[in-house]
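*Asks:* Shown below is the structure under consideration.
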Amino acid sequence: MIILPSWLITTALDAPLENWGVRVTGSQIAEVAPNAVLFERYPEEDVWQADGQVLAPGFVDTHTHLYGILAHGIPLAKAPAGFMPFLEDFWWPRVENRLDQEMICAATDANCAAMIRSGITSFYDCEEAPNALPGVLDAQAEVVRQSGLRGILSFEATQRLGPENGQLGLQENAGFIERAAVQGGLEAPGTLGVKGMMCFHTTFTCDGDFIRQAYQMAGDGLVHSHCSEGTYEPHYTQKKFGLRPIHYYDKLGVLGERSLLSQCVVLDSTEIELLARRKARMTHMPLSNCEVGGGIAPLPDLVDAGVRIGLGSDGYITDFFEVMRGAFLIHKAAQQDPRVMPASLVWYLATEGGAQTIGFEKVGRLGAGWQADLQLFRANLPTPLQEHNLYDQSLLYCHGSDVTGTIVNGRVLMRDKILIAMENPPAFWGQNDLLARTRRAAQRLWMPIEA
Numbered sequence: 000m001i002i003l004p005s006w007l008i009t010t011a012l013d014a015p016l017e018n019w020g021v022r023v024t025g026s027q028i029a030e031v032a033p034n035a036v037l038f039e040r041y042p043e044e045d046v047w048q049a050d051g052q053v054l055a056p057g058f059v060d061t062h063t064h065l066y067g068i069l070a071h072g073i074p075l076a077k078a079p080a081g082f083m084p085f086l087e088d089f090w091w092p093r094v095e096n097r098l099d100q101e102m103i104c105a106a107t108d109a110n111c112a113a114m115i116r117s118g119i120t121s122f123y124d125c126e127e128a129p130n131a132l133p134g135v136l137d138a139q140a141e142v143v144r145q146s147g148l149r150g151i152l153s154f155e156a157t158q159r160l161g162p163e164n165g166q167l168g169l170q171e172n173a174g175f176i177e178r179a180a181v182q183g184g185l186e187a188p189g190t191l192g193v194k195g196m197m198c199f200h201t202t203f204t205c206d207g208d209f210i211r212q213a214y215q216m217a218g219d220g221l222v223h224s225h226c227s228e229g230t231y232e233p234h235y236t237q238k239k240f241g242l243r244p245i246h247y248y249d250k251l252g253v254l255g256e257r258s259l260l261s262q263c264v265v266l267d268s269t270e271i272e273l274l275a276r277r278k279a280r281m282t283h284m285p286l287s288n289c290e291v292g293g294g295i296a297p298l299p300d301l302v303d304a305g306v307r308i309g310l311g312s313d314g315y316i317t318d319f320f321e322v323m324r325g326a327f328l329i330h331k332a333a334q335q336d337p338r339v340m341p342a343s344l345v346w347y348l349a350t351e352g353g354a355q356t357i358g359f360e361k362v363g364r365l366g367a368g369w370q371a372d373l374q375l376f377r378a379n380l381p382t383p384l385q386e387h388n389l390y391d392q393s394l395l396y397c398h399g400s401d402v403t404g405t406i407v408n409g410r411v412l413m414r415d416k417i418l419i420a421m422e423n424p425p426a427f428w429g430q431n432d433l434l435a436r437t438r439r440a441a442q443r444l445w446m447p448i449e450a
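Counting from 0, one number per residue, gives the positions in the sequence shown under numbering that gives the first Met the number 0.
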C-alpha cells in the first residue's frame with residue numbers, strides 16, 4: 000500500500016516533511032517520497048489517503064507493567080507515605096503477591112488494545128507476580144501474539160519471598176527466552192513472535208550471587224532491573240556495601256551494554272559518568288516517578304552524557320503523548336531552564352531511541368528497509384502545523400485518542416480508528432467484553448486480604 004499523509008515524520012532527528020508519504024511492502028517500508036510521486040508511481044496499489052494527518056513511527060514503550068491497570072482505583076485506607084511504604088504496605092501485599100495468570104492475561108488483553116488505539120507499536124513488559132509462577136509468560140505471550148504488537152516479555156525474579164521463588168523466576172525467564180527464540184521472528188506473513196528478556200528486581204531484594212546468576216543465564220541478551228527509583232536503594236547499598244547502586248553493579252562485574260536499568264531517579268554525577276562509560280541502557284518514566292513520590296530523574300544530564308535512553312509508561316498512563324508531555328515539561332521545571340528536553344529529542348526517545356534501548360533493530364524510523372511500524376494521528380489544532388512547530392505542537396496538544404491508524408510489521412491493526420480483527424481472536428477485539436473481563440479481574444484483586 001501507499002500511505003499519503005499531510006505530514007511525515009521519518010525520524011525526529013530530521014525536520015518533518017510536508018505532503019510526503021511511504022510505500023509499504025510486506026513487513027517493511029519500501030520507499031519514502033512525495034505523495035504525488037508515490038501516487039503516480041504506484042497507481043494500482045491500495046491508497047491510504049490521510050489528508051490532515053501526520054504519519055509517524057509508532058511509539059515504543061520501553062518499560063511497562065501491563066497488569067498495572069488492575070490496581071487503578073484500588074481502595075486504600077491511607078495513601079503510602081513514601082517509596083518503600085508504597086512497596087511494603089501496598090504494592091507487594093495488595094497487588095503483586097495476589098496476581099494470578101487469568102488477571103495478568105485480562106490486563107494484557109486490555110492494554111494491548113489500548114496501545115494499538117494510542118499509536119504504541121512496540122513494548123517491553125515486566126511481570127511482577129511471584130505467585131503466578133510457573134508458566135505466566137507463556138500464557139501472556141499468547142495474548143500478545145494475537146494482538147499483533149511487537150513485544151518483549153519478562154518476569155521480575157526476586158528473592159523477597161525466599162530463594163526457591165527467586166530461582167523459579169529466573170527459570171521462568173530463561174525458559175521463555177529459549178522457547179521464544181525458537182518460535183520468534185516471523186511466524187507467518189504479517190505476524191510476530193514475542194521475545195523474552197532476563198529480569199531481576201533490584202539490589203535490596205536480590206543478593207549479589209543471584210544478580211550474577213541472572214546475567215550468566217541471559218547469555219548475550221539484555222538484563223533488566225529497577226534501579227534507584229527513590230532514595231531508599233542508594234541509602235541501602237551505601238550502608239550495606241559502601242557503594243551507590245551503579246558502582247555496586249560495576250563491582251559485581253555486571254554493568255555494561257547488556258544492562259537495562261529502569262527509573263534511575265536518584266543518581267549522582269559519578270554514577271551518570273559510569274553508566275555512560277560502561278554503555279549501559281536506561282528507561283525513564285516521568286509520570287510514574289511523580290506518582291510514587293520517587294523524584295525527578297536527571298534525564299538531561301544522562302542525555303548529555305550519552306547514555307542510551309527510552310521512555311516508558313510504567314503501566315501507569317498508557318497514552319504516550321501524555322508520557323512525552325511529562326518528559327518535555329517536568330525537566331524544564333526541575334532545572335528551571337526551558338531549553339532542556341526539546342520536543343524533537345523527546346519524540347526521538349519515544350520512537351527510534353526507545354527501540355534501540357530495548358534492542359529492536361530497524362524499528363522506530365520510517366525509512367526504506369525499516370520495519371513498517373507506524374501510526375497516523377490527527378493534529379486538529381487552532382494554529383497551523385508547520386515544519387518549525389510540528390514536534391512541539393503535536394507533543395503538547397495531541398492525545399492518544401487522536402491516533403487513527405496503527406500498523407505493525409506491515410499489518411494494519413487499526414484503520415480509521417477501527418480495530419481490524421485477526422484470525423480467531425480472543426475477547427481482545429470486543430471492547431465491552433474486554434472491559435468486563437478486566438473489571439472482574441480487578442474485583443478479585445481488590446478483595447480484602449482476609450478473604
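Note that the Cβ used here is the ideal one computed from N, Cα and C, for glycine as well.
What you are looking at is a predicted structure, and each value in this text was computed from that prediction instead of being measured.
1) Please state whether the Cβ-Cβ distance between Y231 and T202 is less than 8 Å.
2) Compute the beta-carbon to beta-carbon distance between E30 and A367, rounded to the nearest angstrom, for a pair I have assumed lies under 8 Å.
3) Assuming L259 and T282 form a contact by the criterion Cβ under 8 Å, report the distance between their Cβ atoms to the nearest whole angstrom.
4) In whole angstroms, give me the CA-to-CA distance for A349 and H71.
5) Measuring alpha carbon to alpha carbon, tell me which residue in A217, G51 and E17 is nearest A35.
6) Among S227, F320 and E44, which has the Cα closest to the Cα of A378?
7) Alpha carbons only, please: which of S227, L221 and R149 is nearest the one belonging to T204?
8) Give the range of the alpha helix (DSSP H) segment to which Q27 is assigned.
9) Name the DSSP bridge partner or partners of K123?
10) At the level of alpha carbons, what is the spacing between G325 and P42?
11) Looking at the unbroken beta strand (DSSP E) that takes in C226, where does it start and where does it end?
12) Name the two residues that bound the continuous beta strand (DSSP E) containing D300.
13) Taking one C-beta from the region 264 to 273 and one from the region 350 to 365 each time, how about it: are there three or more such pairs within less than 8 Å?
14) Within 10 angstroms of its Cβ, does V53 collect 16 or more other Cβ (buried), or is it exposed?
15) Thinking just about the alpha-carbon of each residue, which of Y315, F209, P244 and F122 is nearest to the one in F359?
16) At which residues does the beta strand (DSSP E) containing W6 begin and terminate?
17) Given D13, which residues of its chain have a CB within under 6 Å of its CB, disregarding the five upstream and five downstream residues?
18) Who are the Cβ neighbours of A173 in its own chain at under 6 Å, not counting the five residues just before and after it?
19) Am I right that L221 and D249 are in contact with their C-beta atoms under 8 Å? What's the rounded C-beta distance?
*Replies:* In brief:
1) no
2) 6 Å
3) 7 Å
4) 24 Å
5) E17
6) F320
7) S227
8) Taken as a continuous stretch (DSSP letters only), Q27 belongs to no alpha helix (DSSP H), being part of the beta strand (DSSP E) at Q27 to P33.
9) The sequence shown places Tyr at residue 123, rather than the Lys named in the question. According to DSSP, Y123 bridges with I151.
10) 43 Å
11) V222 to C226
12) That residue, D300, is in no beta strand (DSSP E); its alpha helix (DSSP H) goes L298 to A304.
13) no
14) buried
15) F122
16) I1 to L7
17) none
18) M216
19) Not really, about 17 Å apart at Cβ, beyond 8 Å.
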